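From first to last, the protein sequence lines stand for chains P and G. Heads up: the first sequence begins at -5 in our numbering, then just goes up one per residue. Heads up: the second sequence begins at 268 in our numbering, then just goes up one per residue. Virtual Cβ for every residue (Gly too), placed ideally from N, Cα, C. This one's a predicted model, so the numbers in the text were calculated from it and none came from an experiment. Below is one structure, written out as structure tokens; the observations come after it.
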Amino acid sequence: MAFSFREAFNKKFQRWMAKRIPPREQVTLNRKNIFIVPTRNGMLFIFCSGLVFIAAINYAVSLAFALAFLMVSIFILSILHSFNNLSQLTLTSRSAQDVFCGEEACFRVQLSRSPKRRHESLELNFPNSFENPSTASTTSYTDLAVRDTEEVKVFAFSHKRGEFKAPRLRVLTRFPLGLCRAWSVVDLNMHCLVYPRPVQFLMNQFDSGSSGGSDSAINREGSEDFYGLRDYVPGDSLRQVAWKTVARGQGMQLKQFVDYVDNKIWLDWDMFYGFNVEERLSRLCYCVIQLSKTGNVFGMRLPGCEFSPATGPEHRKKLLRALARFGDQ
Amino acid sequence: MELGYQIPRPALIWILIAVVLVLLPQTIRMPVWISVVALFCVCWRVLIFKGRLDYPSRMVRVAVVLFTLIVSFSQIRNIGIGLDSAASLLALGFVFKLIEMRQKRDIYVVISLCFVMSMVAFLYSQSVLTTLYITLVVAVTMGAMIALNRNSLIADNRGTAKLAIKIAVQALPLTIVLFLVFPRIAPLWAVPMQTGQNSTGVTDEMSPGDISALGRSAELAFRVRFEDGVELAHEQLYWRGLVLDNFDGVTWRRTRNSSAYSVATSLADFRISYEDRIRTVGEPINYNVILEPTQQPWLFGLHLAEDVDDEFFNGRNFELFNNGRITQRLSYDLSSFIQNQTDVLLLDSSRNRNLDLPNDGNERSREFARELRESVSTDRQYANAVLMHFLQNQYFYTLNAPLLGDNRIDEFLFDTMAGFCEHYASSFTYLMRAVGIPARVVVGYHGAETNPYENYLMVYQYNAHAWSEVWFEGEGWVRFDPTGAVSPTRIEQGVQEALRDDPAFMEDDLFSAARFGGIGWLNAMRLRLDAIEYEWNELVVNYDEDVQFELFERLFGEVTEQKLILLMSSLAIIVMIAVGFTVINIEPRIRRTPIDRFYLSVCKELAKMKLVRRRGEGPIAFRDRVCAERPELAAAMTELTELYVRLNYVEKYLSEAEQKSELRALKTVYSKLKAKMPALAGLRRGV
Chain P
-5 MAFSFREAFN KKFQRWMAKR IPPREQVTLN RKNIFIVPTR NGMLFIFCSG LVFIAAINYA
55 VSLAFALAFL MVSIFILSIL HSFNNLSQLT LTSRSAQDVF CGEEACFRVQ LSRSPKRRHE
115 SLELNFPNSF ENPSTASTTS YTDLAVRDTE EVKVFAFSHK RGEFKAPRLR VLTRFPLGLC
175 RAWSVVDLNM HCLVYPRPVQ FLMNQFDSGS SGGSDSAINR EGSEDFYGLR DYVPGDSLRQ
235 VAWKTVARGQ GMQLKQFVDY VDNKIWLDWD MFYGFNVEER LSRLCYCVIQ LSKTGNVFGM
295 RLPGCEFSPA TGPEHRKKLL RALARFGDQ
Chain G
268 MELGYQIPRP ALIWILIAVV LVLLPQTIRM PVWISVVALF CVCWRVLIFK GRLDYPSRMV
328 RVAVVLFTLI VSFSQIRNIG IGLDSAASLL ALGFVFKLIE MRQKRDIYVV ISLCFVMSMV
388 AFLYSQSVLT TLYITLVVAV TMGAMIALNR NSLIADNRGT AKLAIKIAVQ ALPLTIVLFL
448 VFPRIAPLWA VPMQTGQNST GVTDEMSPGD ISALGRSAEL AFRVRFEDGV ELAHEQLYWR
508 GLVLDNFDGV TWRRTRNSSA YSVATSLADF RISYEDRIRT VGEPINYNVI LEPTQQPWLF
568 GLHLAEDVDD EFFNGRNFEL FNNGRITQRL SYDLSSFIQN QTDVLLLDSS RNRNLDLPND
628 GNERSREFAR ELRESVSTDR QYANAVLMHF LQNQYFYTLN APLLGDNRID EFLFDTMAGF
688 CEHYASSFTY LMRAVGIPAR VVVGYHGAET NPYENYLMVY QYNAHAWSEV WFEGEGWVRF
748 DPTGAVSPTR IEQGVQEALR DDPAFMEDDL FSAARFGGIG WLNAMRLRLD AIEYEWNELV
808 VNYDEDVQFE LFERLFGEVT EQKLILLMSS LAIIVMIAVG FTVINIEPRI RRTPIDRFYL
868 SVCKELAKMK LVRRRGEGPI AFRDRVCAER PELAAAMTEL TELYVRLNYV EKYLSEAEQK
928 SELRALKTVY SKLKAKMPAL AGLRRGV
């Protein structure tokens, strides 16, 4: 009963919120979308001003009255200054990168100010909401005091494969006095695609495939045959350094070994017979990652569509996106 | 160790400064060891911050709580539950919280306590200096709050200070309005303010040397302002305090009410009503006195002072008493008839009290008095003869009176012959009583310095004085000042002139500006500063429910509840709006040309028809889209866009002269465009 009431209230609140602060790529904060409430410290401050006031009454001390009134005035001004610290701040959504399920999705938000204003101690995060109970992650802090624009990365946990719509972004400030917090929750229409969660398994079936064919791909990170030399880059393993060439005074060079691998691998939906849809997608995802890493040429067949064999990052992205969107239509 | 919240470095420095500043004025009133503990805690906090020491462990904290409890009990036992002990305890808890503060919440507890401690400072003093100091403390505390909420990487202390001052200045108007209009409430329950401060000023006991001790002090006793421009000559400025009518051979005392004797006599005294004991002559003099805290209950005023507001008690001998010790500056209005006769009929009980002398001792004086009385015919002549004796013999007026033995009156009158006013008043009264003339000693102040800037009088502790009142048949009590016979300068020009060459004068206040009255600009500055203090007291410190009521009445006529509510709410709203405007500097609206405004209004019309111009879509691109989607609008839209583009972009960069001529053309086009609107609207209706 209570739950359904909460749910109903929440739905109503969300609808009100959507109407009050509609989703936009760019939102400038103003009095229509900034909310302010006193913090716990603010309550303490007001309580103390009450103490001072009572003492002023009891001892009939005129200046203690003045002090109590000064405290109240400071509190009221802190409301206005907190508002001021958010007002006219413009938030613009930037493109977000796709992530694997379970990772933190990184949304980039550009903050910009009008030249006469300063915005300090801004906190940006995705708060836990009713629909997304555990999207909250670390809070990003920034200032807009010196530079006119600032790009902030805000993170949210991705739980479900598919299109991920970022929850409402909360931008919050307690500046300057910490007595009240001003905040706004804006929907910047930020999206990203969540790939299936890759599940590791032994990929023997690809390794045992026919090798040494005419169409051979080269895996540059192999270890079987000597392929050539290349210049040493800091960070490379010292074990592969061709010390002979160093001794000859030709500088540090690296011995490269390669594997010759079979091409034209087909990833098939039916390969994982007996698994459910998500499990299949997770395994296919793992395959795509691994095969792209080793530079294989591979294709993929999903129910209803087929991707002809290819290689490279573009191909990888295309396949992963297809996996992420699988079942959407 | 868990890496929790770290207090930003600048914030900690600000807080420590605020704590030290707020405790500094308390240190003079607190026991020394509390200051030591406070210093210790501040140092500990700094060391925690530097990583040399850890936060206090659980054991230490328990020990601290126990320690504080024990201390508070012993404090209460020693000096009672008073302001001093409460303030000390508050300070202790405050500094202990300092070393224990880890979370932001803890810091806010310390910050809130800073404000409460500032309030405590006001309980002790409400002077201009204290107010300025507390303003500084509040600003620093606000700086701490700002530093706490800033990015710790911004080490911009100057910016923090600037913002703190800015907020404080913006808060000021609202504070003033609240101060003026917020209804003042009378104290909910009376809290006696007990402070351990020593009493100052004239006391109800007078031994030789007491008044001269005050002569060494240049502290202010009280300030007086006469109403209706009354000016009294210096020799008339006798500020009567207490009547001392009990002499034990060494000390003059006020007969205390607690003794059975005094209860009986006071009952006898009041058989005659208060009014019947007075015969007033002439007009009353009205004046206001602002008394510095004395920690004693009695008040000072001119002869036969009556308080206008009827707040005080009248003593048996026309003295005035406050209900309780005066621990804060007190302002009161008095009305005096300086030409008056009191107690023309003296009751026996009163007569006996004012004739009472110790049975033995001071034989030479008694003999001298008897002989002198026999040589003249009336009591009055006798009194004048005693004054003549002081005048004609080698008596000295000095602060450094020689020490006296057992027969004080004798030794002073016939051997040392040098003393301050208490010696003269004491021996004069003794000589009166010795021959059966009722007489008594009065202590208070005499003289004053005029402050020319605000036209009020300043009475200092060195103005303390003692004189006599003698009762004559048919005349009542008459004031006699034997000091005047010895040093007429004292009475006519004041104690500064009389004691100009006395090294002991004001020696307790070596650096008091009052000592350097001879240096013109310094003296002017002293008087000017005192005038500011006086006005501050008049305008701010004394602003209470009565003054508030008077102010309302003067401004708005009869005060009714509705009027009050209306006034307060409207004032509050006005100030809020004013403050809001100064703080929220509303962004200037983009100034659009008329042609732009028109184009945007057209776009708005189109948006209603679901033709929304996209972000970043130029007018031509928009026109194309409109034409494609709604061919029936194409003609109007094309013409409109063409005009708009030509006027807005092509003809935008014209010289000033051209601009002026084009302006007229623009206007005609504008009206033409406007005329096109109905057509557009008509199209929409047609759809």
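Q. Would F101/P pass as a contact of M184/P if the rule is Cβ separation under 9 Å?
A. yes
Flag D576/G as yes if its beta-carbon sits less than 9 Å from any beta-carbon of chain P, otherwise no. no
Notebook entry, point to check: Residues in the stretch 109 to 122 of chain P with C-beta within 9 Å of chain G's C-beta atoms, listed in sequence order?
Noted result: K110, R111, E114 and S115
> Residues of chain P with a CB under 7 Å from the CB of Q437/G: which are they?
Replying inline: L71
Contact between the stretch 635 to 655 of chain G and the stretch 690 to 698 of chain G: three or more CB pairs below 8 Å?
-> yes
Practice problem: Note down, in chain order, every chain P residue with its Cβ under 8 Å from the Cβ of T561/G. | Solution: The premise fails here: T561/G is roughly 17 Å from chain P at the closest Cβ pair, so nothing lies under 8 Å.
> Can the beta-carbon of V710/G be found closer than 9 Å to that of M473/G?
Replying inline: yes
Quick check on L105/P - is its C-beta less than 9 Å from some C-beta in chain G?
no
Closest by C-alpha distance to S837/G, when choosing among I413/G, V313/G, F307/G and L445/G
L445/G
Between D181/P and chain G, is any beta-carbon pair separated by less than 9 Å?
no
Below 9 Å between beta carbons: does that hold for V377/G and F389/G? no
Can you give me the C-alpha to C-alpha distance between A572/G and D543/G, rounded to a whole angstrom? 16 Å
Note to self: For V387/G, tell me which candidate among S152/P, V55/P and A12/P has the shortest Cα-Cα distance.
What the structure shows: V55/P
Measure from the alpha carbon of H309/P to the alpha carbon of each residue in V282/P, C299/P and G298/P, then state which is nearest. V282/P
Suppose the cutoff is 7 Å on Cβ atoms and the five residues either side in sequence are ignored; what does the same chain contact list for I374/G look like? I274, I282, M368 and L415
> Expressed to the nearest angstrom, what Euclidean distance is found between the alpha-carbon atoms of F823/G and Y810/G?
Replying inline: 18 Å
Next item on the list: Taking V188/P and S152/P to be in contact with their CB atoms under 8 Å, please state how far apart those CB atoms are, rounded to whole angstroms.
Entry: 4 Å
Of the listed residues F(-1)/P, N4/P and F169/P, nearest to D137/P (C-alpha basis):
F169/P
Exercise. If we ignore side chains and look at the alpha-carbon of each, how far apart do N555/G and G508/G end up?
Worked result: 16 Å
Would you verify that the beta carbon of R0/P is, or is not, closer than 9 Å to some beta carbon of chain G?
no
>> I want to see whether chain G comes within less than 9 Å of L342/P, judged by CB atoms only; does it?
In response: Since the first residue of chain P shown is -5 and the last is 323, residue 342/P is not available in this structure.
| task | Keeping to the same chain, check which residues put their C-beta closer than 6 Å to that of F47/P; ignore five residues upstream and five downstream. | result | A62
Taking DSSP's pairing of strands, which residues face L724/G in a bridge? V491/G and T717/G
Say whether the stretch 100 to 118 of chain P touches the stretch 79 to 92 of chain P, bearing in mind that this needs 3 or more beta-carbon pairs closer than 8 Å, one atom from each stretch. yes
Check: Which residue from H732/G, E820/G, E559/G and A438/G puts its Cα closest to that of I844/G?
Finding: A438/G
Problem set entry | CA nearest to the CA of V745/G, picked from G885/G, Y505/G and Y664/G | Y505/G
State yes or no: is the beta carbon of Y226/P nearer than 9 Å to at least one beta carbon in chain G? no
* Can at least three beta-carbon pairs, one atom from the stretch 788 to 800 of chain G and one from the stretch 736 to 751 of chain G, be found at a separation below 8 Å? -> no
Item to complete: Check whether the Cβ atoms of R633/G and A706/G lie closer than 9 Å to each other.
Response: no
| said: Judging by CA-CA distance, which residue of C310/G, N790/G, R592/G and I605/G is the nearest neighbour of Q563/G? | reply: R592/G
Who are the Cβ neighbours of L290/G in its own chain at under 8 Å, not counting the five residues just before and after it?
-> S302, A305, A358, F361, V362 and M384
| field | As assigned by DSSP and simplified to three states, the class of C100/P | value | strand
| query | With burial defined as no fewer than 16 other Cβ atoms inside 10 Å of the residue's Cβ, what is the status of I840/G: buried or exposed? | reply | exposed
Q: Locate the beta strand (DSSP E) running through R168/P, then write down its first and last residues.
A: Neither: R168/P is in no beta strand (DSSP E) and is coded neither H nor E.
Contact set for E144/P: own chain, Cβ-Cβ below 7 Å, skip 5 residues either direction:
L105, T136 and L138
**Report entry** Environment of T408/G [buried if 16+ CB atoms lie within 10 Å]
**Finding:** buried
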